[in-house]
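Enquirer: Before I ask anything, let me first share the structure, which is written out below as structure tokens.
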Amino acid sequence: MGLEEKLPSGIMLTTVEQIAGLVRKSSMWPATFGLACCAIEMMSAGGPHYDIARYGMEKFGATPRQADLMVVAGRVSQKMAPVLRQIYDQMPEPKWVIAMGVCASSGGMFNNYAIVQGVDHVVPVDMYLPGCPPRPEMLFDAVLKLHDKVQNEKLGAHRKAEIEEEEERRLRRELPLLNPSEVAGR
Ligand code: SF4
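According to the working numbering, the stretch in the sequence shown is residues 1 to 186, in order.
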């Protein structure tokens, strides 16, 4: 890896946080979660032309137990939302989520009752990727930005943010529905 040239004395001073960040970002394993047309671009990113293996991420796993990155590629239907959540819950900590494309980020053109209006209603999202569909280069850009975030994160900070987000989501769900007559009287 060229470490011998960079460390001629064989000594490296760093922190546990920096080492943990380096290890985590260098071996992110994505869980396969292609839902619609965006998934074609995600699959293309894994092929030899774009070669996501350059970033240590060639292992797209069918099991969430060995994955720490979920790339939600495509629109999420209401029926699929509990499945997505279950897969997310089965991934070990720490874990990250990329919402790939406008459909996963906000529902996109599918502004209707059948589609979740943004996957952040179901799981915490770390990166939102615009485009319909985003090209593999855009996915790589999001991945590299996520790598930077992971490298510089304090130990435990990610989990703390996740818990706060979960609590916020729970409170949002429990908000009492507004009475239509009250709304009309405003
Ligand atoms: S953003 Fe566009 S390409 Fe991606 S799932 Fe939605 S419609 Fe398909």
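For glycine and all other residues, C-beta sits at the position ideal for the given N, C-alpha and C. In this text the structure is predicted, and so the values were computed from the model without any measurement.
Could you check the C-alpha separation between residue 131 and residue 10 for me, to the nearest Å?
Expert: Approximately 45 Å, taken between the alpha carbons.
Enquirer: With a 10 Å radius around its C-beta and 16 neighbouring C-beta atoms as the bar for buried, classify residue 56 as buried or exposed.
Expert: It is exposed - the Cβ of residue 56 has fewer than 16 other Cβ atoms within 10 Å.
Enquirer: According to DSSP, what are the bridge partners of residue 115?
Expert: According to DSSP, residue 115 bridges with 77.
Enquirer: Please determine whether the Cβ atom of residue 75 lies at a distance below 7 Å from any heavy atom of the ligand SF4.
Expert: Yes, the Cβ of residue 75 comes within 7 Å of a heavy atom of the ligand SF4.
Enquirer: I need the straight-line Cα distance from residue 89 to residue 14, nearest angstrom please.
Expert: Cα to Cα, residue 89 sits roughly 32 Å from residue 14.
Enquirer: Are the beta-carbon atoms belonging to residue 65 and residue 92 less than 8 Å from one another?
Expert: Taking 8 Å as the Cβ cut-off, residue 65 and residue 92 qualify as a contacting pair.
Enquirer: Once the 5 residues before and after residue 59 are set aside, which same chain residues still bring their CB inside 7 Å of it?
Expert: Closer than 7 Å at Cβ, skipping near neighbours: 29.
Enquirer: Please list the segments of the alpha helix (DSSP H) lying wholly inside the stretch 4-49, counting only runs of 4 or more residues, in order along the chain.
Expert: Listed in chain order, the complete alpha helix (DSSP H) runs (minimum 4 residues) inside the stretch 4-49 are 16-26 and 38-46.
Enquirer: Quick check: is any heavy atom of the ligand SF4 less than 7 Å from the C-beta of residue 108?
Expert: Under cutoff, so the answer is yes.
Enquirer: Within its chain, find whatever has a CB closer than 6 Å to the CB of residue 186; leave out the 5 residues flanking it on each side and keep chain order.
Expert: Residue placement at residue 186 cannot be trusted, given a pLDDT of 48 that sits under 50; what the coordinates show is reported in the next sentence. Taken in chain order, the list of residues that qualify is empty.
Enquirer: Give the straight-line distance between the Cα atoms of residue 24 and residue 79, rounded to the nearest whole angstrom.
Expert: Looking at the two C-alpha atoms, the distance is approximately 32 Å.
Enquirer: Look up residue 101 in the DSSP assignment and say whether it is helix, strand or coil.
Expert: In this structure, residue 101 counts as helix in the three-state DSSP scheme.
Enquirer: Should the stretch 131-151 be called in touch with the stretch 97-113, which here means at least 3 C-beta pairs below 8 Å?
Expert: With the cut-off at 8 Å, the stretch 131-151 and the stretch 97-113 touch.
Enquirer: Return yes when the C-beta of residue 101 is under 7 Å from any heavy atom of the ligand SF4, and no when it is not.
Expert: Flag set: Cβ of residue 101 near the ligand SF4.
Enquirer: Quick one, are the C-beta atoms of residue 74 and residue 34 less than 8 Å apart?
Expert: Yes, Cβ-Cβ distance for residue 74 and residue 34 is below 8 Å.
Enquirer: Rounded to the nearest angstrom, what separates residue 189 and residue 77 at their Cα positions?
Expert: Past the edges of the chain, shown from 1 to 186, lies residue 189, and the structure says nothing about it.
Enquirer: Where does the unbroken alpha helix (DSSP H) through residue 187 begin, and where does it stop?
Expert: Beyond the ends of the chain as shown, which are 1 and 186, falls residue 187; an answer cannot be given.
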